[in-house]
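In the working numbering, the protein residues as written are 708 to 748.
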């Protein structure tokens with residue numbers, strides 16, 4: 708078998724997790740900004 712295969716899968720999974728976390732973080736930031744803007748206006 709190929710020993711490098713599982714490592715590759717693990718790495719891509721981690722990268723995907725980071726991407727999802729980043730997207731969620733940006734969305735929550737936009738939501739907070741919207742709330743603040745609405746309260747001020």
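Don't be surprised by glycine CBs; every beta carbon is placed ideally from N, CA and C. Keep in mind it's a predicted model, so treat the numbers as computed, not measured.
Expressed to the nearest angstrom, what Euclidean distance is found between the alpha-carbon atoms of residue 726 and residue 736? The count along the chain shown starts at 1 and reaches residue 726 at position 19. The count along the chain shown starts at 1 and reaches residue 736 at position 29. Spanning the two alpha carbons is a distance of roughly 15 Å.
Rounded straight-line distance, which links the Cα of residue 748 to that of residue 742: Taking the chain shown and counting its residues from 1, the one referred to as residue 742 is at position 35. Taking the chain shown and counting its residues from 1, the one referred to as residue 748 is at position 41. Using only the alpha carbons, I get a separation of about 10 Å.
Using a Cβ-Cβ cut-off of 8 Å, state whether residue 737 counts as contacting chain D. Structure shown: chain D not included; a single protein chain is present.
Where residue 730 and residue 720 are concerned, what is the direct C-alpha to C-alpha distance, given to the nearest angstrom? Here residue 730 refers to the residue found at position 23 when the chain shown is read from its first residue. Here residue 720 refers to the residue found at position 13 when the chain shown is read from its first residue. Straight-line Cα distance between these residues: approximately 15 Å.
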